[in-house]
Each structure stands twice: as structure tokens, then as C-alpha cells.
Amino acid sequence: MNMEIGLICSLTGERASFTNTCPTYSIDVKAAQEISDNDFEEAAFQIDQISEPKLRELRMEQNFPLAVTGGFIAGILGAILWGMITVATNFQIGYMAIAIGAGVGFTIRYLGKGVDQSFGIAGGAIALISCVLGNFLSIIGFIANEEGIGFLETLLIFDYSYTFLLMEETFQIIDLLFYSIAAYEGYKFSFRVLSRQELI
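Under the working numbering, the first residue of the sequence shown is numbered 905, with each subsequent residue one higher.
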């Protein structure tokens, strides 16, 4: 927009002189895709507006057992990765909790295609449990490094009666923030995202 000339065409660099349609117009595929993606995200908040017949149809496509199984596998893998990174870097990375939450949520969404509240609750719970497990494996990694023994050996000889005491001793307030974000992501990302066409 030029205040002296008026509306400027971004394609020709000149004042827009066409009416109704532009002969040099070409669709911006990237912009169209962004609009489409926004539609999907907006649709996720419209699940309560789905008609009963359509909702019944969507529920027929749900698979809660597969979603929970996949979510637990994703969570365990994330927790193991958290422990491995901790052992490799000798540094406990709380941000891994956020990655675990997202990983669990998206896995449940993909496998479960869920629209019911139970999918979100499962995602949040699994993400939280996985984060606690990841934190525990990180502690085991620190113990292994301190004692100069292997990670798996430490897991085998560790006295698990001290688990809660150990978790309490190593707990930090910032952990609550990471756990909360992970649980929120696990909940939010577990629901199926619908297009506007699917909502009709």
C-alpha cells in the first residue's frame, strides 16, 4: 500500500488497476497450506459442535487399546532416551519431559483417532508417568557414572526400596513445571484433529 499512489500489486510493482480478477494472479501454495493447517487446529476446538450421527461415526473409528499401547511404548522409549542422554552428557535435561509429552500425545492421536475425553486423559497420564520414569532413569545414570559401573548393572543391583526417597532427594521445583507441561501436551495432542469437512 502506497499512501500517494494507492494499492500496489506485489506481482507487477504497479498500481492495481484490475477489476474483479487479476490476469497475472497465481495461487500461493504455501499460504494456502498455512490456512488449511489453521483450519485443522481451529477444528480441534469444535469437537463439541459435531452432530450426533457424525460423532457416532467418528467413535466407530476410535481404537483406545491401540492408542494406550502405542502411548506407553512411546513414553518408555522417550524415558530411555532421556536416561541415555543424561548418561552421555552427565547433565539432567528437564526439557526432555516436554518432548516426551508431545511424543506420547501425537502417538495416541495417530494410532487412536480418538475424540472422546478418555484419550486425552490417557495421554496426560502416560506422559506424566513417562516423565517420572525418565527422571528415575536419569538418576540411575548418575549413580552408574559415580560408581563407575554400567547402566544396566546399576538397574539390576539398585535397591528399589529407596526409590521414593531418592526421587524426593533429587526433586526440584522446576520439575513440577516440566511435568505439568508434559501432561498438558500429552492431553492436548492425543485428540484427533478434524478438518471442517469432517465436522459436517
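Built from N, CA and C at the ideal position, the CB exists for glycine as well.
These figures come from a predicted structure and were not determined experimentally.
Query                                                                                                                                        : Result
For N1049, does the three-state DSSP call read helix, strand or coil?                                                                        : helix
When the distance is taken between beta carbons, is A971 closer than 7 angstroms to I997?                                                    : no
Could you tell me the distance, in whole angstroms, from the CA atom of G1024 to the CA atom of L962?                                        : 16 angstroms
I think I1043 touches L1070, with their Cβ atoms under 8 angstroms apart; what is that distance to the nearest whole Å?                      : 6 angstroms
If you pair each beta-carbon of the segment 1061-1070 with each one of the segment 1090-1098, do three or more pairs fall below 8 angstroms? : no
For a quick check, are the C-beta atoms of K1017 and E965 less than 7 angstroms apart?                                                       : yes
So, are the CB atoms of A983 and L1041 less than 7 angstroms apart?                                                                          : yes
Using a threshold of 7 angstroms, state whether the C-beta atoms of I989 and A1086 are closer than that.                                     : no
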